[in-house]
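S.K.: Residue numbers (the numbering used here), protein chains in the order written: chain A, 1 to 151; chain B, 1 to 138.
Glycine included, every Cβ here is placed at the ideal spot set by N, Cα and C.
Structure incoming, see below.
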Amino acid sequence: MKKIILGTMVVASLAFSGSVPVVADALYQKECASCHFGYQPALLNKASWEKVMGSLSDHFGTDASLNKEDHQAILSYLVRNAGNGKITTNNDTTRITQSAYFKKEHRKIPLNVITQKEVGSLANCMACHTTADKGSYSERDIVVPNYGRWE
Amino acid sequence: MKKLLLMVGLSILALQAQEFNAPMQTYMQALSLEAKNTDSTFNGFDAKRGETLFQSKHMGKKGVEISCTTCHTINLKNNGQNVNTNKSILPLAPSVNTGRLSDVKEVEKWLRRNFNDVLNREGTAREKGDVLSYIITQ
């Protein structure tokens, strides 16, 4: 009995770690999902978002600058909804894909699967997590292109 | 009579070509004034010059060769693709994507970013006006 309860708890907590609240801000969606998938605020901690927003004119080699007003509004949305879950722990970079938890979860994916044109980069969450836009990263919704289901 | 026919013909052509809406016309006038102020020989924007600029290659922000066509392709009626992220980009041509070049704020923002990415600096008023004069004909 104890085992079943424990088992259920573990499953529940895994399922929880695999999902985050959806993007609920139209301006953020418009401005920060024009070049890539709109990453949910809970995927980075507050300090990381502040860094991202502090360097938009040289954003991973591209200019993603905003006017003052939109910049302020988006920064405040991100900071208010920043994450504190496993995926954000000890991440002092500007990348979700550099967090220790993220790296651990994705370490088994072969390089040629990532570099193929359907994916291109691990930052392209939607290429494999078919329900990433609904905030769900759970394993049952993963379909890796030219690889199939991940199980 | 011939003149009249010609005029009718021309105005039909003009109707078929896309036109800037009022706020965009005001923006183009401001660009034109700015271009004149910095260059006394300036006498109007030129779509042909804009096309050449659009297709020309430069050492971009990332230190690799890039042009406007790298992301938007050479045919503005086609979908493009963001070379940095693989995300697809809807056509720039207003004739197939009517929302294009209709919102000054959007246009200013993307020209600032895209010129920085391609030329490693902001565009001049003349360059921006030329390129917009080209895109509007597409």
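Can you tell me whether residue 62 of chain A is helix, strand or coil according to DSSP?
M.R.: Locating residue 62 of chain A in the first sequence gives position 62, counting from the first residue. Residue 62 of chain A falls in the strand class under three-state DSSP.
S.K.: By a C-beta neighbour count over all protein chains shown, 10 Å radius and 16 as the cutoff for buried, is residue 5 of chain A buried or exposed?
M.R.: The sequence position of residue 5 of chain A within the first sequence is 5, counting from 1. The pLDDT assigned to residue 5 of chain A is 45, lower than 50, so where the model puts this residue is not dependable, and the model offers no usable value.
S.K.: Am I right that residue 147 of chain A and residue 113 of chain A are in contact with their C-beta atoms under 8 Å? What's the rounded C-beta distance?
M.R.: Against the first sequence, residue 147 of chain A aligns to sequence position 147. Against the first sequence, residue 113 of chain A aligns to sequence position 113. Indeed, because the Cβ distance is near 6 Å, the residues count as touching under 8 Å.
S.K.: Can you list, in chain order, the residues of the region 76-89 of chain B whose Cβ is nearer than 8 Å to any Cβ on chain A?
M.R.: Under the 8 Å Cβ criterion, the region 76-89 of chain B contributes 82, 84, 85, 86, 87.
S.K.: Leaving out the 5 sequence neighbours to the left and right, which residues in its chain are closer than 6 Å to residue 72 of chain B when beta-carbon positions are compared?
M.R.: The count along the second sequence starts at 1 and reaches residue 72 of chain B at position 72. Hits under 6 Å: 80, 92.
S.K.: Contact between the region 110-121 of chain B and the region 62-76 of chain B: three or more CB pairs below 8 Å?
M.R.: Touching, per the Cβ criterion.
S.K.: Could you check what DSSP says for residue 129 of chain B in three-state terms: helix, strand or coil?
M.R.: Working through the second sequence from its first residue, we reach residue 129 of chain B at position 129. Residue state, collapsed to three classes: helix.
S.K.: Taking the runs of the alpha helix (DSSP H) that are 4 residues or longer, which of them lie wholly in the region 46-121 of chain A?
M.R.: If we require 4 residues or more, the alpha helix (DSSP H) runs fully inside the region 46-121 of chain A come out as 46-53, 68-80, 100-106, 111-115.
S.K.: In or out: residue 145 of chain A buried (at least 16 other Cβ within 10 Å) or exposed?
M.R.: Start at 1 with the first residue of the first sequence, and residue 145 of chain A comes out as number 145. Burial call: exposed.
S.K.: Can you name, in chain order, every residue of its own chain whose Cβ lies under 6 Å from the Cβ of residue 23 of chain B, other than the five neighbours on each side?
M.R.: Here residue 23 of chain B refers to the residue found at position 23 when the second sequence is read from its first residue. Excluding positions up to five away in sequence, the list reads 104.
S.K.: Do residue 46 of chain B and residue 133 of chain B have their C-beta atoms closer together than 8 Å?
M.R.: Numbered from 1 along the second sequence, position 46 holds the residue referred to as residue 46 of chain B. Numbered from 1 along the second sequence, position 133 holds the residue referred to as residue 133 of chain B. In contact: residue 46 of chain B and residue 133 of chain B (Cβ atoms closer than 8 Å).
S.K.: Mind checking if residue 26 of chain A is an interface residue toward chain B, Cβ cutoff 8 Å exclusive?
M.R.: Locating residue 26 of chain A in the first sequence gives position 26, where the first residue counts as 1. No, its Cβ sits nowhere closer than 8 Å to a Cβ of chain B.
S.K.: Does DSSP put residue 51 of chain B in a helix, a strand or coil?
M.R.: Here residue 51 of chain B corresponds to residue number 51 of the second sequence, with the count starting at 1. Looking at residue 51 of chain B - three-state DSSP - the assignment turns out to be helix.
S.K.: Taking 8 Å as the limit between beta carbons, can you name the residues of its chain near residue 118 of chain A, skipping five residues before and five after?
M.R.: Counted from its first residue, the first sequence places residue 118 of chain A at position 118. Result list for residue 118 of chain A: 127, 145, 146, in chain order.
S.K.: Quick one: which unbroken alpha helix (DSSP H) runs of 4-plus residues sit fully inside the region 24-107 of chain B? Chain order, please.
M.R.: As far as the region 24-107 of chain B is concerned, its whole alpha helix (DSSP H) runs of at least 4 residues are 47-55, 68-72.
S.K.: Just the C-alpha distance for residue 105 of chain A and residue 63 of chain B, rounded to the nearest angstrom, thanks.
M.R.: Position 105 of the first sequence, counted from the first residue, corresponds to residue 105 of chain A. Position 63 of the second sequence, counted from the first residue, corresponds to residue 63 of chain B. Whole-angstrom Cα-Cα distance: 33 Å.
S.K.: Compute the Euclidean distance between the alpha carbons of residue 111 of chain B and residue 56 of chain B, then round it to the nearest angstrom.
M.R.: The residue given as residue 111 of chain B occupies position 111 in the second sequence. The residue given as residue 56 of chain B occupies position 56 in the second sequence. About 16 Å.
S.K.: Please report the distance separating the alpha-carbon of residue 94 of chain B from that of residue 50 of chain B.
M.R.: Mapped onto the second sequence, residue 94 of chain B falls at position 94. Mapped onto the second sequence, residue 50 of chain B falls at position 50. Roughly 16 Å between the two C-alpha positions.
S.K.: Using DSSP with H/G/I as helix, E/B as strand and the rest coil, what is residue 149 of chain A?
M.R.: Within the first sequence, the letter at position 149 stands for residue 149 of chain A. Three-state DSSP puts residue 149 of chain A in a strand.
S.K.: Under 8 Å, Cβ to Cβ, is there at least one residue of chain B near residue 42 of chain A?
M.R.: As a position in the first sequence, residue 42 of chain A is number 42, starting the count at 1. Cβ-Cβ to chain B under 8 Å: no for residue 42 of chain A.
S.K.: Is the Cβ of residue 146 of chain A closer than 8 Å to any Cβ of chain B?
M.R.: Walking along the first sequence from the start, residue 146 of chain A turns up at place 146. It does not: the Cβ of residue 146 of chain A has no partner Cβ on chain B nearer than 8 Å.
S.K.: How would you write the range of the alpha helix (DSSP H) that residue 134 of chain A sits in, first residue to last?
M.R.: Within the first sequence, numbered from 1, the residue matching residue 134 of chain A stands at position 134. Where residue 134 of chain A is concerned, there is no enclosing alpha helix (DSSP H), given that its DSSP letter is neither H nor E.
S.K.: Would you please verify whether the beta carbon of residue 121 of chain B is less than 8 Å from any beta carbon of chain A?
M.R.: The sequence position of residue 121 of chain B within the second sequence is 121, counting from 1. By this cut-off, residue 121 of chain B is not an interface position.
S.K.: By the DSSP assignment, the alpha helix (DSSP H) with residue 26 of chain A in it spans what residues?
M.R.: Indexing the first sequence from 1 puts residue 26 of chain A at position 26. 26-32 is the span of the alpha helix (DSSP H), which, as asked, contains residue 26 of chain A.
S.K.: Buried or exposed: which applies to residue 72 of chain A, given that a residue is buried once 16 or more other Cβ atoms fall within 10 Å of its Cβ?
M.R.: As a working note, residue 72 of chain A is residue 72 in the first sequence. The residue in question, residue 72 of chain A, is exposed, as its Cβ has fewer than 16 Cβ neighbours within 10 Å.
S.K.: Taking the alpha carbon of residue 59 of chain B as the reference point, which residue from B:114, B:136, B:129 has its own alpha carbon closest?
M.R.: Reading the second sequence from its first residue, position 59 is the one you call residue 59 of chain B. For the residues B:114, B:136, B:129, the minimum Cα distance to residue 59 of chain B belongs to B:114.
S.K.: Does the beta carbon of residue 103 of chain B sit closer than 8 Å to a beta carbon anywhere in chain A?
M.R.: Mapped onto the second sequence, residue 103 of chain B falls at position 103. So, not an interface residue.
S.K.: Any idea what DSSP makes of residue 22 of chain A, helix, strand or coil?
M.R.: Looking up residue 22 of chain A in the first sequence gives position 22. The answer is coil: DSSP assigns residue 22 of chain A none of H, G, I, E or B.
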